[in-house]
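Notes follow once the structure below has been shown.
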Amino acid sequence: MPKKAPTIVREIMSRDCYRVSGKTSVSTLAEGLSLHRLPGAPVVDEHDHLIGFISEQDVLGKVLESAYLNDEPPLVRELMRHEVLSVTPNKSIIDLARKCWAPSPRSTRSPSRPGWSVS
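The opening residue of the sequence shown carries number 1 in full-length UniProt numbering; numbering runs sequentially from there.
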């Protein structure tokens, strides 16, 4: 019998996702994204609450620029986006897909709460 396809977000979520704080340097972030093979990461505060999202697109130019100029790399909080796409674990995958096709989100890996991300 074929395996049933997932229908709600909870069935495709990861509880332990790579995340960074606003105080993380973008060079450290770039290393983490590369290591974990991710296009971006949630940004959390000191209480592990979601405060933003940062993608490789947001930082790539800044990492190269700071390396070339031998400058201190900027911090995540200086480049992160504060508006993120997030959904609850019980949301249908169809509804998530509709949100993703709406204008603006560049990634669907924003957790609905700390430690959860959609893969």
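Think of the CB as a built atom: it goes at the ideal place given N, C-alpha and C, for glycine as much as any other residue.
- Straight-line spacing of the CA atoms in LEU79 and THR7 works out to 34 Å.
- Within its own chain, the residues whose Cβ lies closer than 6 Å to the Cβ of ASP45, once the five positions on either side in sequence are excluded, are ILE51, listed in chain order.
- Look at the beta carbons and you see the stretch 17 to 30 not touching the stretch 86 to 99: under three pairs across the two are nearer than 8 Å.
- Close CB contacts of LYS62 within its chain, under the 8 Å cut and outside five residues either way in sequence, are with VAL26, PRO73, PRO74, LEU79 (chain order).
- Counting other Cβ atoms within 10 Å of its Cβ, LEU29 reaches 16 or more and is therefore classed as buried.
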